[in-house]
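Chains as they are written, first to last, in the working numbering: chain H, 335 to 507; chain B, 93 to 435.
This is how it looks when you write it as structure tokens:
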């Protein structure tokens, strides 16, 4: 008995099969439409840029006390238009190693900057603090600044668009 | 006397138009349930007390439609492209005739919308209007709040100047902090591991189609539920009349009669007869119109006098630009100082 007062007859086999068919058609068409769209949307999960090496600076530009920031430009890939990935790289010599680390704060992704008067790297967004070698020194971030895979070629320092674990040997002078 | 003459003339003109249009109306009414819809929607009895507090929803809906219209017009010049997005906004701002005003209306409309949604929610909360049977309306309303700030946020991102770029950076990073699925969410949104042109086109798609379409559909269901279950779910309307209240006039008596009949009808979803009622049209529509107009005039004045800035071109290596949160996310920005990242 519906609210309007008429009765829907008991479900016959014919009626049941028709209902099943309606559900089947709806499901079939939905899968046909959604399948390609889901693939289309999630395809970017497979995007991994190819390994690229770019020059950062010459070795005599590298200091032992102050991290110098350089702009590196990687060729953009996997996009509908040509573009460049610009990244800030801090470079400093620590002992006999050269460290090349990114300027992207590990908390929210803002660009950290070197404050000479504090001798620290500071993030302007939420006050993440790193020492001159990019190690976490305070504030809300939970990790140190990421190290770039790097190597020395002739008198130049090169970095790749790959992040490596801290503690790995980066480059010998 | 002169006023009397004017009124008479106006009335007779209205009658004349009405008579001329009557056959058209009748023709349509035979094919569409015009009269029934009109009686259900326009001559809907609404509680008489506290009416001004129940006008913000209408102002929000009006502003939403203005956002759609200004947004469509901005799209005639905006280009969601890695190198040209900011340039195209500068063009709208500086070259297009009245482009600065259209962009200003879209920007300040958003500010007013988020503010009004806050007021609307506070009113609903403090009047107890979320209680049974209106829980679904409240839930959809919370969904609308989330969609509203998401739309405002993505709109700020696609300016693709320094502020827009860092909004995307921080937004995708926060998405990346989601437990378990975070990295996938961030990558899906960015279209890769880093911010790329795909990030811009995806954010743009969310801003101009996905989120507004969801907003419009859910907002319409939200309003539909309000009409279905009877407006003003406020306790104040069901309390006895305070002493010294003037007696109801003819309209109010008729409206009260109608709502009593509706509540008794088993097919109706309305509950509770308010102690005083009046017609939705024109009495409540008038109040909604006044408030919507005041809000829009405020938006217009803000757009006229306060230009919306376009910041420097995107530079991730900046050492001078300090990104700031959008105003409605400042609370979240402060929360992230202590909570996020230590997980």
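Note that beta-carbon positions come from the ideal geometry of N, C-alpha and C, so glycine has one too. All values reported here derive from a predicted model rather than from experimental measurement.
C-beta atoms of residue i and residue j nearer than 7 Å
i	j	result
residue 498(H)	residue 479(H)	no
residue 401(H)	residue 466(H)	yes
residue 143(B)	residue 376(B)	yes
residue 417(H)	residue 289(B)	yes
residue 280(B)	residue 242(B)	no
residue 435(H)	residue 468(H)	yes
residue 251(B)	residue 181(B)	yes
residue 385(H)	residue 471(H)	no
residue 368(B)	residue 112(B)	no
residue 195(B)	residue 400(B)	yes
residue 256(B)	residue 248(B)	yes
residue 447(H)	residue 411(B)	yes
residue 404(H)	residue 419(H)	no
residue 380(B)	residue 147(B)	yes
residue 352(B)	residue 365(B)	yes
residue 347(B)	residue 172(B)	no
residue 284(B)	residue 378(H)	yes
residue 265(B)	residue 443(H)	yes
residue 460(H)	residue 422(B)	no
residue 235(B)	residue 310(B)	yes
residue 244(B)	residue 206(B)	yes
residue 414(H)	residue 489(H)	no
residue 151(B)	residue 391(B)	no
residue 414(B)	residue 193(B)	no
residue 201(B)	residue 158(B)	yes
residue 295(B)	residue 246(B)	yes
residue 438(H)	residue 396(H)	no
Chain D contact for residue i (CB, 7 Å cutoff)
i	result
residue 457(H)	Checking the listed chains, one finds no chain D in this structure; the protein chains it contains are H and B.
Residue from the options with nearest C-alpha to residue i
i	options	result
residue 217(B)	202(B), 204(B), 233(B)	233(B)
residue 297(B)	282(B), 388(B), 418(B)	282(B)
residue 328(B)	183(B), 219(B), 176(B), 186(B)	219(B)
residue 229(B)	425(B), 195(B), 250(B), 321(B)	321(B)
residue 427(H)	443(H), 371(H), 491(H)	491(H)
residue 373(B)	362(B), 394(B), 343(B), 164(B)	343(B)
residue 398(B)	323(B), 340(B), 198(B), 189(B)	198(B)
residue 188(B)	204(B), 201(B), 169(B), 200(B)	169(B)
residue 423(H)	429(H), 412(H), 415(H), 445(H)	445(H)
residue 212(B)	165(B), 332(B), 145(B), 223(B)	145(B)
residue 354(B)	117(B), 115(B), 132(B)	132(B)
residue 221(B)	330(B), 293(B), 270(B)	330(B)
residue 214(B)	237(B), 385(B), 259(B)	237(B)
residue 475(H)	440(H), 453(H), 450(H)	440(H)
residue 420(B)	240(B), 300(B), 287(B)	240(B)
residue 203(B)	167(B), 407(B), 388(B), 117(B)	388(B)
residue 224(B)	345(B), 317(B), 116(B)	317(B)
residue 301(B)	153(B), 326(B), 163(B), 360(B)	163(B)
residue 431(H)	369(H), 365(H), 398(H), 473(H)	398(H)
Beta-bridge pairing of residue i - partner residues as DSSP gives them
i	result
residue 407(H)	420(H)
residue 485(H)	492(H)
residue 388(H)	493(H)
residue 448(H)	455(H)
residue 427(H)	432(H)
residue 438(H)	445(H)
residue 472(H)	463(H)
residue 402(H)	425(H)
residue 498(H)	481(H)
Contact test: residue i Cβ vs the ligand ADP heavy atom, cutoff 6 Å
i	result
residue 404(H)	Absent from the structure shown: the ligand ADP. Ligands present: none.
Which of the residues in the segment 404-424 of chain B, read from start to end, lie with their CB under 9 Å from any CB of chain H? 406, 407, 408, 409, 410, 411, 412, 413, 414, 415, 416, 417
Start-end ranges of the alpha helix (DSSP H) lying completely within the segment 357-423 of chain B, minimum 4 residues: 377-397
Along the chain, which unbroken stretches of the alpha helix (DSSP H) at least 4 residues long are found entirely within the segment 241-307 of chain B? 254-268, 274-282, 289-297
Which of the residues in the segment 414-429 of chain H, read from start to end, lie with their CB under 8 Å from any CB of chain B? 414, 415, 417, 419, 420, 421, 422
Relative to chain B, which residues along the segment 428-447 of chain H have a C-beta separation below 7 Å, given in chain order? 437, 441, 442, 443, 444, 445, 447
Residues from the segment 458-485 of chain H in contact with chain B, defined by Cβ distance under 9 Å: 458, 459, 460, 461, 462, 473, 474, 475, 476, 477
Name the residues in the segment 396-409 of chain H whose C-beta lies less than 8 Å from a C-beta of chain B; which are they? 403, 405
Which residues, in order along the segment 351-378 of chain H, keep a beta-carbon less than 8 Å from a beta-carbon of chain B? 375, 376, 378
Contiguous beta strand (DSSP E) assignments of at least 3 residues, all confined to the segment 131-165 of chain B: 137-139
Scan the segment 347-393 of chain H and note each continuous alpha helix (DSSP H) run of 4 residues or more that stays entirely inside, going in chain order. 347-376
Using a Cβ cut-off of 8 Å, which residues of the segment 165-194 of chain B contact any Cβ in chain H, in chain order? 173, 174, 175
Contacting positions in the segment 259-280 of chain B - beta carbon closer than 8 Å to chain H: 261, 262, 264, 265, 266, 276, 279, 280
Which of the residues in the segment 114-133 of chain B, read from start to end, lie with their CB under 8 Å from any CB of chain H? none
Name, going along the chain, the residues of the segment 241-261 of chain B whose beta-carbon falls closer than 8 Å to a beta-carbon of chain H. 258, 261
Using a beta-carbon distance cut-off of less than 7 Å, what residues from the segment 356-383 of chain B approach chain H? 358, 359
In chain order, what residues of the segment 380-397 of chain H put their CB closer than 8 Å to some CB of chain B? 381, 382, 383
Quick one: which unbroken beta strand (DSSP E) runs of 3-plus residues sit fully inside the segment 309-361 of chain B? Chain order, please. none
Using a beta-carbon distance cut-off of less than 8 Å, what residues from the segment 290-303 of chain B approach chain H? 290, 293
Enumerated in chain order, which unbroken segments of the alpha helix (DSSP H) with a length of 4 residues or greater are wholly contained in the segment 158-228 of chain B? 177-186, 191-218
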